[in-house]
Amino acid sequence: MKLNTLRRHLRESTKNLGRNGWMTFASVSAVTVTLLLVGVFLVIMMNLNSMATSLEKDVRISVHTELTSTKEQQEALKAEIVKIPEVATVTFSSKDQELEKMIDSFGEDGKVFALYEQSNPLHDVFIVETKKPQEIMAVADKVEKMEYVYSVNYGKGKVEKIFSTVGVSRNVGIGLIIGLLFTAMFLISNTIKITIFARRREIEIMKLVGATNWFIRWPFFLEGLFLGVLGSLIPIGIILGFYNYLYDMIQPQLNGTFLELLPFNPFAFQVTALLLLIGAFIGVWGSLMSVRKFLKV
Amino acid sequence: MIEMKDVFKKYPNGVMAVNGINVKIDQGEFVYVVGPSGAGKSTFIKMMYREEKPTKGSIIINGIDLAKLKEKKVPLLRRNIGVVFQDFKLLPRLTVYENVAFALEVIEENPKNIKKRVMDVLDLVRLKHKARHLPDELSGGEQQRVSIARSIVNSPGALIADEPTGNLDPETSWEIMNIFEEINFRGTTIVMATHNREIVNTIKKRVIAIESGKIARDEVKGEYGYEA
């Protein structure tokens with residue numbers, strides 16, 4: 028495309044945005060509200076997700092063997108666990124190692140447990156990791172039924188709850204966002220339709236004198252793009268501003284736990300870039316949808 | 061230059077507008093298309109600039125079959141065919157000059173050439189002095205001259221006019237005809253659908269009469285042949 032033509036398209040599209048001021052305002056606000064919700068949702072969802080992933084990595088099964096079981100019996104048990112297809116690794120941890128870990132994890136206070144070094148009440152343990160965190164429940168159930176197993180421990184209940192909460196909120200959020208995106212697209216396509224309607228005579232003449240379809244489409248394409256991008260500016264500003272603030276406020280309280288917010292850089296920039304893209308996409312999509320009909324002369 | 065072979069056109073509502081037309085129009089010819097209302101004149105004209113597609117048969121313009129022409133190539137065809145309408149189809153917010161220049165801008169003509177070309181055609185239709193006026197400030201005949209200027213600014217091989225004098229008084233109609241003759245004299249083919257008996261009978265040219273979708277008559281230097 029020639030530079031002159033591009034300049035012409037830009038002039039035409041901005042002129043139309045101004046001429047239909049209220050509709051422009053309506054669709055830009057629709058995009059703004061939509062993207063703001065999308066942005067907030069993304070921030071929450073992605074943080075939850077990363078927390079869930081780090082949690083998932085932590086999920087493993089501790090298989091406590093019977094106190095009376097012999098070395099050979101434990102070996103047999105291990106062989107049986109390894110045979111389960113979902114199992115990734117099986118690590119043995121003797122009761123002495125378990126006690127050491129326990130003493131370490133309590134720090135200074137842990138010395139109290141040193142007394143038990145003489146007669147250790149703990150069990151020998153197999154630590155089982157699964158290939159996928161979601162398989163942990165099934166594997167735990169299988170292992171529990173095996174011989175020489177005293178008990179199986181993987182944070183029953185807690186793990187299931189986390190998985191289901193994350194899953195449900197993800198689905199509800201996605202449904203909500205799709206609905207909102209469609210609303211915004213619909214409003215944009217309506218705005219463009221009005222500007223097309225006002226210019227249908229011009230389009231008719233353009234077609235008669237031999238303008239190409241893309242030449243006619245460009246101003247509307249740009250118009251939609253502007254609507255989408257303008258609508259994404261406020262959400263981007265809000266998210267960049269607030270995430271930093273939120274991070275500084277919440278992160279210190281999470282210190283010491285395995286939970287962690289995603290750091291401002293690059294996370295906030297990734298989210299805002301995504302918002303800009305979504306804005307541009309719904310703008311362009313909305314406009315091209317409404318132009319299509321009018322080009323069939 | 062324009063050739064139709066066994067052309068049929070049936071509209072989706074079942075109306076058979078064109079019912080087997082064979083015709084050949086050479087480069088530089090001046091042709092009147094006459095006939096009663098609803099006989100298929102407009103469809104015949106519209107098929108020439110591919111506003112309508114034939115249901116059957118072929119329409120060949122400069123060696124290209126319009127029936128098989130891809131949608132993407134239609135703009136290129138139209139750049140070689142000027143079209144003039146009864147209702148002028150000017151853009152009311154643009155001046156005379158801008159209206160004519162518009163036709164060049166939208167086909168991405170080099171801006172350096174636009175001014176000269178526009179002034180040349182405005183000179184041809186004798187409206188150079190009104191270049192800065194808006195269409196509303198002109199008479200009907202002047203507006204039609206602007207639309208003619210717009211249709212030929214791109215130097216098309218053919219000019220197709222659908223009742224160009226339909227909205228004009230007799231005197232102004234003659235002015236328009238003078239311009240058409242001059243354009244034709246420069247080598248442009250002209251196909252003009254008309255109901256104007258006086259013009260057809262005075263400025264004698266080839267006459268194609270269409271009745272019930274068929275060519276009823278095709279005469280060199282023919283007569284209008286219908287009661288006014």
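Residue numbers (this note's numbering), protein chains in the order written: chain Y, 28 to 324; chain V, 61 to 288. Beta carbons: idealized from backbone N, C-alpha and C, even for Gly.
*asked:* If distances are taken between C-alpha atoms only, which option among 95(V), 97(V), 84(V) comes closest to residue 108(V)?
replied: By 1-based counting over the second sequence, the position of residue 108(V) is 48. Nearest C-alpha to residue 108(V): 84(V).
*How many angstroms separate the CA atom of residue 71(V) from the CA atom of residue 77(V)?*
Within the second sequence, the letter at position 11 stands for residue 71(V). Within the second sequence, the letter at position 17 stands for residue 77(V). If you take the alpha carbons of residue 71(V) and residue 77(V), they lie about 7 Å apart.
*Closer than 7 Å, CB to CB, is residue 320(Y) near chain V or not?*
Here residue 320(Y) corresponds to residue number 293 of the first sequence, with the count starting at 1. No, residue 320(Y) lies away from the interface with chain V (no Cβ there is under 7 Å from its Cβ).
*Using DSSP with H/G/I as helix, E/B as strand and the rest coil, what is residue 219(V)?*
Numbered from 1 along the second sequence, position 159 holds the residue referred to as residue 219(V). The answer is strand: DSSP assigns residue 219(V) an E or B state.
*Which same chain residues, not among the five before or five after residue 103(V), have their C-beta less than 7 Å away from its C-beta?*
As a position in the second sequence, residue 103(V) is number 43, starting the count at 1. Excluding sequence neighbours, residue 103(V) sits near 69, 77, 78, 112.
*For residue 326(Y), which residues of its own chain have a beta-carbon under 6 Å away from its beta-carbon, when the five flanking residues on both sides are left out?*
What the structure shows of chain Y is the stretch from 28 to 324, and residue 326(Y) is not part of that stretch, so it cannot be assessed.
*Any C-beta of chain V sitting closer than 7 Å to the C-beta of residue 223(Y)?*
As a position in the first sequence, residue 223(Y) is number 196, starting the count at 1. Chain V contact via Cβ: absent.
*Should the stretch 251-261 of chain Y be called in touch with the stretch 50-57 of chain Y, which here means at least 3 C-beta pairs below 8 Å?*
yes
*Can you name the residues of chain V whose CB is closer than 7 Å to the CB of residue 47(Y)?*
By 1-based counting over the first sequence, the position of residue 47(Y) is 20. Within chain V, no residue comes near residue 47(Y); the closest Cβ sits about 15 Å away, beyond 7 Å.
*With 16 other Cβ atoms within 10 Å as the buried cut-off, status of residue 7(Y)*: For residue 7(Y) there is no data in the structure shown, the boundaries of chain Y being 28 and 324.
*Residues in the stretch 223-251 of chain Y with C-beta within 9 Å of chain V's C-beta atoms, listed in sequence order?*
228, 229, 231, 232, 233, 234, 235, 236, 237, 238, 239, 240, 242, 243
*Is the stretch 61-70 of chain Y in contact with the stretch 262-278 of chain Y, if contact means three or more CB pairs nearer than 8 Å?*
yes
*According to DSSP, which residues form a beta bridge with residue 325(Y)?*
In the structure as shown, chain Y begins at 28 and stops at 324. Residue 325(Y) is therefore absent and cannot be evaluated.
*asked:* I'd like to know whether the C-beta of residue 29(Y) is nearer than 7 Å to at least one C-beta of chain V.
replied: Counting from 1 along the first sequence, the entry for residue 29(Y) is found at position 2. Chain V contact via Cβ: present.
*asked:* Just to confirm my understanding: we take residue 41(Y), look at its own chain, exclude 5 residues before and 5 after, and list those with CB closer than 6 Å. What are they?
replied: Here residue 41(Y) is taken as the residue at index 14 of the first sequence, counted from 1. Hits under 6 Å: none found.
*Name the two residues that bound the continuous beta strand (DSSP E) containing residue 61(V).*
Here the question's residue 61(V) lines up with position 1 in the second sequence. Looking at the DSSP string, residue 61(V) is not in any beta strand (DSSP E), and its letter there is neither H nor E.
*Rounded C-beta distance between residue 232(V) and residue 254(V)? I'm assuming under 8 Å.*
For this step, residue 232(V) is matched to residue 172 along the second sequence. For this step, residue 254(V) is matched to residue 194 along the second sequence. Their Cβ separation, rounded to whole angstroms, is 14 Å, which puts residue 232(V) and residue 254(V) out of contact at 8 Å.
*What is the C-beta distance between residue 209(V) and residue 228(V), in whole angstroms, given that I count them as a contact (C-beta under 8 Å)?*
Indexing the second sequence from 1 puts residue 209(V) at position 149. Indexing the second sequence from 1 puts residue 228(V) at position 168. In fact, because the Cβ distance is near 16 Å, the residues do not count as touching under 8 Å.
_From 239(V), 163(V), 125(V), residue whose alpha carbon lies closest to that of residue 214(V)_ = Taking the second sequence and counting its residues from 1, one reaches residue 214(V) at position 154. It is 163(V) whose Cα lies nearest to the Cα of residue 214(V).
*Of the choices 105(V), 178(V), 142(V), whose alpha-carbon is the least far from that of residue 234(Y)?*
As a first step, residue 234(Y) must be located in the first sequence, where it is residue number 207. With distances taken between Cα atoms, residue 234(Y) lies closest to 142(V).
*Mind listing the chain Y neighbours of residue 139(V)? Cutoff is C-beta to C-beta under 7 Å, in chain order.*
Working through the second sequence from its first residue, we reach residue 139(V) at position 79. Within 7 Å Cβ-Cβ: 237.
*Excluding the 5 residues preceding and the 5 following residue 198(V) in the sequence, name in chain order all residues of the same chain whose CB lies nearer than 6 Å to its CB.*
Start at 1 with the first residue of the second sequence, and residue 198(V) comes out as number 138. Excluding sequence neighbours, residue 198(V) sits near nothing in its chain.
*Does the beta-carbon of residue 67(V) have 16 or more other beta-carbons within 10 angstroms, so that it is buried, or is it exposed?*
Position 7 of the second sequence holds residue 67(V). Counting the other CB atoms within 10 Å of its CB gives residue 67(V) a total of 16 or more, which places it among the buried residues.
*Report yes or no: is there a C-beta of chain V within less than 7 Å of the C-beta of residue 32(Y)?*
What you label residue 32(Y) is simply residue 5 of the first sequence in a count that begins at 1. Residue 32(Y) counts as touching chain V.
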